[in-house]
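Asks: Residue numbers (the UniProt record's numbering): 1 to 260.
All residues carry an ideal CB built from backbone N, CA and C; glycine is no exception.
Pasting a structure here, questions to come.
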């Protein structure tokens, strides 16, 4: 009868049910043992076999339940792992999309920068070519200044050529510097930047430094001859300038004062 003490109370409930015994759910193991053993048709061998089957069935159910729980646990873990993998892959996809988008953005900005740079280089090259062309054109029609010449006449000729070529006056000084001797350019370079870039200031400075005397103008007017490469109109302007410089320097304003 010791076998009855090895089971659980629920096993004894099932055994009592199999033996058609009346019992109460509040009964203890000891009370249930007494009920079963004291039953009228109690057969120890039969009861022992039935009890053994009940215990084995319960254990089998418990094992099955344990296995099912383990499977469920594994299934849940697998599901969680799958979700983690999917989340990780989703993050990787988003990160790749972000990197691709950033790459496209960087490539676009790089291309725009390249286009802008090429455009700027083209503009700078065009501007540089235009400047070189203008310098060539100016030097083609007016020679480099000689300190023996009259600066006022030279500046008038320069201004005419600069206007003819539609050169902005703000760029006149830079063109003029290329036509002046080094020592003259150094005089201009010693001026403050704002004055050194002002054509009117540079013009006044040059006139003060290199203006010829009335006697020199007279000599130039009397001895000047037409250069073969110059036009007669150009020669006329030269003579007119020398003559005006001569009489202006002597402060002659009437023919009578000239005779005196």
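Taking residue 247 as the reference, which of 232, 89, 214 and 169 has the closest Cα?
Replies: Nearest option by C-alpha distance: 214.
Asks: With distances taken Cα to Cα, identify the nearest neighbour of residue 196 among 212, 179, 172 and 181.
Replies: Among 212, 179, 172 and 181, the Cα nearest to that of residue 196 is on 172.
Asks: Expressed to the nearest angstrom, what Euclidean distance is found between the alpha-carbon atoms of residue 3 and residue 77?
Replies: Roughly 41 angstroms between the two C-alpha positions.
Asks: Using a Cβ-Cβ cutoff of less than 7 angstroms, which residues in the same chain neighbour residue 260 once the five nearest sequence positions on both sides are dropped?
Replies: Here the model assigns residue 260 a pLDDT of 42, short of 50, so the residue's position is not dependable, and the following value carries that caveat. Here the set comprises nothing.
Asks: In terms of residue numbering, what span does the alpha helix (DSSP H) encompassing residue 34 cover?
Replies: Counting along the chain, the alpha helix (DSSP H) containing residue 34 begins and ends at 29-37.
Asks: So, with DSSP's three-state summary, where would you put residue 168?
Replies: Residue state, collapsed to three classes: coil.
Asks: Do the CB positions of residue 220 and residue 242 come within less than 8 angstroms of each other?
Replies: Contact flag set, yes.
Asks: With distance defined between alpha-carbon atoms, name the residue in 10, 237, 21 and 20 nearest to residue 150.
Replies: For the residues 10, 237, 21 and 20, the minimum Cα distance to residue 150 belongs to 237.
Asks: What is the residue span of the alpha helix (DSSP H) that residue 223 lies within?
Replies: Start and end: 214-223.
Asks: Give me the Cβ distance between residue 152 and residue 226, rounded to the nearest whole Å; I'm assuming they're in contact under 8 angstroms.
Replies: Actually they do not touch by this definition, with Cβ atoms about 20 angstroms apart.
Asks: Check whether the region 44-59 and the region 14-31 are in contact - that is, three or more C-beta pairs closer than 8 angstroms.
Replies: Yes, the region 44-59 is in contact with the region 14-31.
Asks: Taking the alpha-carbon positions, what's the residue 249 to residue 165 distance?
Replies: One C-alpha to the other measures close to 32 angstroms.
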